[in-house]
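Quick note: the sequence shown uses my numbering, first residue 12, plus one each step. Reviewing the structure listed below.
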Amino acid sequence: MGSVDKWSRRLLLRRLAVAASLAGLATSRSELARAADAPPIAENDPAAKAVKYVVDATKAKGAAPGSTCANCALYQGKYGTKDGPCQIFPGKTVAAAGWCASWAPQM
Ligand code: SF4
Numbered sequence: 012m013g014s015v016d017k018w019s020r021r022l023l024l025r026r027l028a029v030a031a032s033l034a035g036l037a038t039s040r041s042e043l044a045r046a047a048d049a050p051p052i053a054e055n056d057p058a059a060k061a062v063k064y065v066v067d068a069t070k071a072k073g074a075a076p077g078s079t080c081a082n083c084a085l086y087q088g089k090y091g092t093k094d095g096p097c098q099i100f101p102g103k104t105v106a107a108a109g110w111c112a113s114w115a116p117q118m
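As structure tokens, this is what we get:
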């Protein structure tokens, strides 16, 4: 295994571990439905800053090309909507075009 593969695998495993640990924050579908009507989280919110959340993924430092909230495993918004709930920000919504350091690929 090459060093690039090793680091990519480590990064993926770390992201999955973070996603798994944060997934428990949102506990039910009704809670997520309520979150769809919730206000957007601000980039300067301490929770957002902790994971480097931005509303525009093209302006994110460290985002893989094409990765956005809309294609993140933790995003709970409906397909085609401009924002929706995220499992790591209970009671808030994120922009579908946004991104944060906890982004994880959909399986
Ligand atoms: Fe939530 Fe977006 Fe971060 Fe995924 S990339 S965890 S949907 S804020």
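For every residue, glycine included, the Cβ atom is placed at its ideal position computed from N, Cα and C.
Residue i versus the options, residue with shortest Cα-Cα distance
i	options	result
Ala-47	Ala-112, Ser-113 and Lys-103	Lys-103
Asn-60	Gln-117, Ser-113 and Met-118	In the sequence as presented, Asn is not what sits at residue 60; that position holds Lys. Taking only the C-alpha atoms, the option nearest Lys-60 is Ser-113.
Gly-109	Pro-57, Ala-49 and Tyr-64	Tyr-64
Local conformation of residue i per DSSP, three classes
i	result
Cys-111	coil
Pro-57	helix
Proximal residues to residue i (C-beta, below 8 Å), its chain only, five neighbours per side dropped
i	result
Ala-106	Pro-51, Val-66, Asp-67, Cys-80, Lys-93 and Asp-94
Gln-117	Asn-82, Cys-83 and Ala-84
Contact test: residue i Cβ vs the ligand SF4 heavy atom, cutoff 7 Å
i	result
Gly-109	yes
Tyr-90	no
Val-105	yes
Val-66	no
Rounded distance between the beta-carbons of residue j and residue i, thought under 8 Å
i	j	result
Ala-49	Pro-96	7 Å
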